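The structure under discussion appears below in the form of structure tokens.
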Amino acid sequence: MEFVGITVLFLDEKVNSVIHGFTPVGRANHYMPSLKADSIVKVDRFEVARCSSMYKITDHPFLIRFISLTIIDEVITDAPEINLQSRLDCSTISK
-14 MEFVGITVLF LDEKVNSVIH GFTPVGRANH YMPSLKADSI VKVDRFEVAR
36 CSSMYKITDH PFLIRFISLT IIDEVITDAP EINLQSRLDC STISK
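Quick note on my numbering: the sequence shown kicks off at -14 and runs consecutively.
As structure tokens, then:
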């Protein structure tokens, strides 16, 4: 199987939703150090697009794409508490 990029799930505490995020293989090495499991990040300068039904992994109609201008910063202080059980229903993720 060929590596095509990094897929992440963004949990939005304000609207109780999960949004699919993706960075293509060409930018993966640049963003990989900033994307750690279970971390809380602030993402600026990204593209929003309609989610294709072929690649749909959440119920959200849109996805976030990292572009060359995207900035990812880990939130260390004043991070919100996110209850993963109430925010993410794993049954909605297709395989």
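Glycine included, each C-beta is placed from N, C-alpha and C at the ideal position. Everything numeric in this text was worked out from a predicted model, so none of it was measured.
### DSSP-derived helix/strand/coil call for Ala13
The residue labelled residue 13 in the question sits at position 28 within the sequence shown. Correct three-state label for Ala13: helix.
For the beta strand (DSSP E) that contains Ile56, what are its first and last residues? Reading the sequence shown from its first residue, position 71 is the one you call residue 56. That run of the beta strand (DSSP E) goes 47 to 59.
Where Ser37 falls: helix, strand or coil (DSSP)
As a first step, residue 37 must be located in the sequence shown, where it is residue number 52. It is coil, neither helix nor strand.
- By Cβ distance, which residues of its chain are closer than 8 Å to Ser19, with the 5 residues on each side in sequence left out? Position 34 of the sequence shown, counting from 1, holds the residue named residue 19. Cβ within range, chain order: Val26, Ile57, Asp58, Glu59.
Reduced DSSP secondary structure (H/G/I, E/B, other) of Ser2 = As a working note, residue 2 is residue 17 in the sequence shown. Strand at Ser2.
Checklist line | Spatially closest choice to Gly6 from Ser53, Leu48, Ala13, Tyr16, by CA coordinates | finding: Against the sequence shown, residue 6 aligns to sequence position 21. Looking at the Cα atoms, Leu48 is the closest of the given residues.
**Request:** Work out the CA separation of Ile61 and Thr(-8) for me, nearest whole Å.
**Result:** The sequence position of residue -8 within the sequence shown is 7, counting from 1. The sequence position of residue 61 within the sequence shown is 76, counting from 1. So the alpha carbons of these two residues sit roughly 22 Å apart.
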